[in-house]
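These notes concern the structure reproduced below.
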DNA sequence: GCCGTTTTCGGCCCGACTGTTTTCAGTCG
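In my numbering, the protein residues as written are 49 to 645.
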């Protein structure tokens with residue numbers, strides 16, 4: 049019998065359910081066991097690989113937060129499809145309890161009361177039934193509940209149904225900047241910053257976090273809750289407030305006086321895991337950290353105006369927000385070895401652009417001409433660019449025709465290069481003739497050998513057959529990468545955020561091949577791709593792989609998305625030297641000629 | 001239940017806000 053496949057999301061959910069069950073059994077006695085299970089759930093959600101794959105390789109216990117006990121229960125889960133221990137802990141609790149704790153504002157205790165006292169243990173649709181019961185006013189009559197909490201529960205259930213998934217970074221930025229400009233119209237606001245995942249430049253953002261420096265917090269909070277687009281005020285206190293704006297995006301605000309704003313910046317930038325690790329470290333030194341500042345052994349609080357001072361007290365270098373994910377940055381900061389991360393001005397080119405030069409492509413053609421794109425590249429002070437249209441479609445073209453189309457494009461590029469060399473006013477000195485070539489399911493490339501002769505280099509990527517097994521997929525990629533002119537593996541996981549999961553690959557094998565054969569891996573800067581994802585960027589760099597940035601622009605304005613690629617690179621601990629795009633034209637041409645080793 | 005740059009035992013981040021309470025429990029980040 050083959051056991052059920054458990055995804056990381058399902059495993060995290062299961063671990064949270066076990067934590068909730070312990071909480072219901074005896075919260076006081078199980079206090080730290082509950083925390084351990086919740087931490088394990090967090091760890092699973094943040095894991096870079098599917099846990100099932102790690103289990104296959106016997107590396108389950110290598111995930112920090114998963115110790116020998118939980119690892120053995122998960123082992124049983126993967127082998128048999130169930131864990132006796134998990135079942136035992138959750139025994140006697142209706143599964144509906146664990147469904148309800150996913151609703152905002154409902155924790156284990158509330159869920160338990162609702163399900164048992166309303167007799168909903170066997171409900172087939174718990175959310176709908178709680179809503180129904182609530183309409184009859186029965187929740188308000190339960191002990192410990194009232195009219196207000198009944199209304200809150202109903203609202204949260206309704207909102208959970210059309211809750212948007214995590215939103216893409218540019219969208220979150222635009223929402224944040226609207227609120228920021230509203231807040232700036234308030235005199236009490238001295239300074240306002242986007243923090244949380246927005247400041248850490250995560251690829252997706254859940255809630256939008258904003259901080260305000262003000263010596264009149266009430267006024268700032270009042271102004272915030274009066275934001276014209278706020279459709280609901282979730283909470284409103286002395287230092288913090290939360291609102292919901294359409295479409296169901298939560299905005300949290302925290303206010304601190306100017307004198308202790310540094311501690312607030314640190315606290316509210318997170319990540320949660322970074323802060324926990326930081327506070328645990330501080331605790332060992334007898335210090336206690338919070339958004340107010342740092343307390344010494346005697347409980348005396350000192351406030352900090354800047355974040356730099358705050359980290360300095362801990363004997364640490366200031367840590368760039370992009371690195372604050374508790375993936376080793378604290379230890380590195382203690383040793384004063386934080387790398388100098390790549391920055392936007394380091395970027396000298398864009399290595400994936402689709403022009404409107406019609407070579408009858410397999411996928412969508414770009415909308416801007418090569419000349420328009422060069423002009424745009426000049427405005428970004430680029431030295432060179434690569435035109436990387438999709439390959440001519442295989443169906444409906446003879447091999448001869450495909451060669452002819454690519455040759456024609458090559459002539460156009462050569463002509464452009466001839467005029468660029470003479471034009472002293474433009475920063476772009478060279479454009480490259482390249483292609484983004486589809487990798488066929490069998491790993492072959494739909495471009496005849498002869499056509500490669502007209503290319504400076506090629507990108508390869510997957511646009512179909514996403515569901516191959518991990519081994520088949522890995523073989524497929526490796527055989528495509530083995531073609532001579534192929535330099536770049538583009539949008540390697542082929543994920544589309546919120547739409548499609550990435551493919552399963554044996555990354556160590558891919559990285560090893562790339563390192564040996566001098567192939568590069570792309571960080572696609574399209575905000576809905578951001579692929580290679582940041583955690584894999586870090587792994588790739590540890591392997592010694594060079595990465596490229598490409599916007600995948602299909603319009604000249606798309607070239608501006610390069611910054612999102614830089615963010616991903618930074619989150620993956622990339623230095624300028626790890627990114628091919630930071631090389632001068634001369635260096636880049638050398639690297640191309642270096643070819644396959 | 002996890003974990004180790006003072007520990008393989010003995011600790012475990014820190015605080016805000018709300019509703020239903022008479023001093024706190026539950027939830028969240």
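Note that CB positions come from ideal geometry on N, CA and C, so glycine has one too.
Where residue i falls: helix, strand or coil (DSSP)
{"i": "residue 218", "result": "helix"}
{"i": "residue 436", "result": "coil"}
{"i": "residue 190", "result": "coil"}
{"i": "residue 481", "result": "strand"}
{"i": "residue 302", "result": "strand"}
{"i": "residue 325", "result": "helix"}
{"i": "residue 76", "result": "coil"}
{"i": "residue 555", "result": "helix"}
{"i": "residue 403", "result": "coil"}
{"i": "residue 95", "result": "coil"}
{"i": "residue 609", "result": "helix"}
{"i": "residue 595", "result": "strand"}
{"i": "residue 147", "result": "helix"}
{"i": "residue 57", "result": "helix"}
{"i": "residue 90", "result": "helix"}
{"i": "residue 343", "result": "strand"}
Cβ neighbours of residue i in the same chain (closer than 8 Å, five flanking residues each side left out)
{"i": "residue 240", "result": "228, 231, 232, 258, 259, 260, 261"}
{"i": "residue 460", "result": "405, 418"}
{"i": "residue 66", "result": "85, 134, 137, 138"}
{"i": "residue 60", "result": "89, 90, 92, 93"}
{"i": "residue 58", "result": "none"}
CA-to-CA distance, residue j to residue i, given in whole angstroms
{"i": "residue 582", "j": "residue 619", "result": "6 Å"}
{"i": "residue 630", "j": "residue 286", "result": "47 Å"}
{"i": "residue 161", "j": "residue 85", "result": "22 Å"}
{"i": "residue 634", "j": "residue 127", "result": "55 Å"}
{"i": "residue 599", "j": "residue 432", "result": "14 Å"}
{"i": "residue 191", "j": "residue 202", "result": "17 Å"}
{"i": "residue 489", "j": "residue 512", "result": "8 Å"}
{"i": "residue 554", "j": "residue 523", "result": "9 Å"}
{"i": "residue 226", "j": "residue 278", "result": "12 Å"}
{"i": "residue 621", "j": "residue 521", "result": "27 Å"}
{"i": "residue 420", "j": "residue 397", "result": "15 Å"}
{"i": "residue 337", "j": "residue 327", "result": "6 Å"}
{"i": "residue 416", "j": "residue 402", "result": "8 Å"}
{"i": "residue 644", "j": "residue 541", "result": "Low confidence applies here, because residue 644 scores a pLDDT of 48, under 50, leaving its location unreliable and the question unanswered by this model."}
{"i": "residue 102", "j": "residue 110", "result": "9 Å"}
{"i": "residue 465", "j": "residue 208", "result": "55 Å"}
{"i": "residue 141", "j": "residue 250", "result": "37 Å"}
{"i": "residue 578", "j": "residue 545", "result": "8 Å"}
{"i": "residue 340", "j": "residue 333", "result": "18 Å"}
{"i": "residue 473", "j": "residue 429", "result": "11 Å"}
{"i": "residue 350", "j": "residue 308", "result": "9 Å"}
{"i": "residue 498", "j": "residue 516", "result": "30 Å"}
{"i": "residue 535", "j": "residue 468", "result": "25 Å"}
{"i": "residue 270", "j": "residue 636", "result": "55 Å"}
{"i": "residue 567", "j": "residue 54", "result": "33 Å"}
7 Å Cβ shell around residue i - same chain, five flanking residues per side excluded
{"i": "residue 295", "result": "212"}
{"i": "residue 593", "result": "559, 562, 563, 569"}
{"i": "residue 372", "result": "248, 317, 318, 319, 322"}
{"i": "residue 538", "result": "400, 484, 507, 508, 509, 570, 572, 598"}
{"i": "residue 361", "result": "342"}
{"i": "residue 441", "result": "408, 409, 410"}
{"i": "residue 606", "result": "599"}
{"i": "residue 330", "result": "336, 337, 362"}
Contacts around residue i, its chain only, beta-carbon distance under 6 Å, and the 5 residues preceding and following it disregarded
{"i": "residue 88", "result": "63, 113, 114, 118"}
{"i": "residue 215", "result": "253"}
{"i": "residue 381", "result": "364, 365, 367"}
{"i": "residue 177", "result": "168, 171"}
{"i": "residue 78", "result": "70"}
{"i": "residue 219", "result": "none"}
Any non-hydrogen atom of the ligand GTP within 7 Å of residue i CB
{"i": "residue 138", "result": "Only the bare structure without any ligand can be found here, which leaves the ligand GTP out of the picture."}
Under 8 Å: do the segment 235-255 and the segment 307-319 share three or more Cβ pairs, one atom per stretch? yes
Would you call the segment 303-310 in contact with the segment 262-269, where contact means no fewer than 3 C-beta pairs closer than 8 Å? Short answer: they touch.
Does the structure place the segment 435-444 close enough to the segment 473-490 that three or more beta carbon pairs sit under 8 Å? Segments in contact, yes.
Which runs of the alpha helix (DSSP H) at least 4 residues long sit entirely within the segment 214-280? Give them in chain order. 217-232, 244-247, 265-273
Complete runs of the alpha helix (DSSP H) confined to the segment 510-549 [at least 4 residues]: 518-529
Counting only runs of 4+ residues fully inside the segment 557-591, write out the alpha helix (DSSP H) ranges in chain order. 582-590
Curious, which full-length beta strand (DSSP E) runs of at least 3 residues does the segment 347-429 contain? 397-401
Can you list the beta strand (DSSP E) stretches of 3 or more residues lying completely in the segment 159-191, in chain order? none
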